[in-house]
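Residue numbers (our numbering): 709 to 893. Backbone N, C-alpha and C fix where the C-beta goes; we use that ideal spot for every residue, glycine too. Report on one structure; see the data block that follows.
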Amino acid sequence: MQPRPEANPPDAISFAEAGDGVVVIRVRGRGSFANSADLKRLATELAQKYLSSGRKYTFVFDMAECETLDSTFMGILAAIGLRQIQDTGSKAIVVRPRDHVARLLHTLGLHHILRLRTGSEGEAPKVDQADFKAADHQQQSRLDQILDMLEAHKTLCDIDSGNVIRFANVLEYLKDSLERERGKQ
């Protein structure tokens, strides 16, 4: 009997180094504000590791098991993509996104800074399942969470002018939340 896929797989980020500076990052379940800081930290640590040893890197985001993405996660993904372009001159790659996820990425303009590969061109580099490691999870303070969300949405506005109107209310709310949170300290 074949195991049935989980109806709602747990949200998880894992990664494996495929060689030659290629890092496959799998997003499973939902990419959201709840795990976007883990992705940001992972990408920052890996980029620094490669750059400090004088090597370039390429992030390949395998989205085959990703159900959906929220705007915070996409803003962090955009920031990672922009950093890779700045560091290496090449775009990060998104492979095997579901139609819904590909539509979200396209709607918010991430196709300008990431290479989206679907269909036959959308295969991830071959990496043994055993080589994948879970991204570290660290609890964030409410202040840090608001700062990350604000940064993510500003990045989305920077990459596509249509996002300025789309996220005007979100940015206003986050700025107000930031003031309130700083007032508590």
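Pair within 8 Å by beta-carbon distance, residue i and residue j
{"i": "A897", "j": "I788", "result": "Past the edges of the chain, shown from 709 to 893, lies residue 897, and the structure says nothing about it."}
{"i": "L813", "j": "M782", "result": "yes"}
{"i": "L822", "j": "I784", "result": "no"}
{"i": "L886", "j": "L858", "result": "yes"}
{"i": "R806", "j": "M771", "result": "yes"}
{"i": "S779", "j": "F875", "result": "yes"}
{"i": "V835", "j": "A745", "result": "no"}
{"i": "A832", "j": "R804", "result": "yes"}
Cβ neighbour criterion (16 or more within 10 Å) applied to residue i
{"i": "Q847", "result": "exposed"}
{"i": "N877", "result": "exposed"}
{"i": "Q893", "result": "exposed"}
{"i": "E714", "result": "Confidence in E714 is poor, its pLDDT being 46 and thus under 50, which makes the residue's placement unreliable; the coordinate value appears in the next sentence. Under this definition E714 is an exposed residue."}
{"i": "A755", "result": "buried"}
{"i": "H808", "result": "exposed"}
{"i": "A838", "result": "exposed"}
{"i": "V872", "result": "exposed"}
Residue of the options minimising C-alpha distance to residue i
{"i": "A742", "options": "A876, G870 and H845", "result": "H845"}
{"i": "L855", "options": "L882, G870 and S722", "result": "L882"}
{"i": "S869", "options": "G891, L818 and E889", "result": "L818"}
{"i": "E889", "options": "S849, R874, A810 and S798", "result": "S849"}
{"i": "I793", "options": "H808, H820, E753 and A810", "result": "H820"}
{"i": "I721", "options": "E753, D852, K799 and R734", "result": "R734"}
{"i": "G729", "options": "Y758, P718 and D719", "result": "Y758"}
{"i": "V732", "options": "H861, R791, G891 and V802", "result": "V802"}
{"i": "A860", "options": "P718, L790 and S761", "result": "L790"}
Supposed contact pair residue j and residue i - C-beta distance, whole angstroms, cut 8 Å
{"i": "T826", "j": "A810", "result": "6 Å"}
Evaluate the contact criterion for the region 771-778 versus the region 734-741: three or more CB pairs, one atom per stretch, below 8 Å. When C-beta atoms of the region 771-778 are compared with those of the region 734-741, three or more pairs fall below 8 Å, so the two segments count as touching.
Could you tell me whether the region 754-768 touches the region 860-868, using the rule of 3 or more Cβ pairs below 8 Å? Touching, no.
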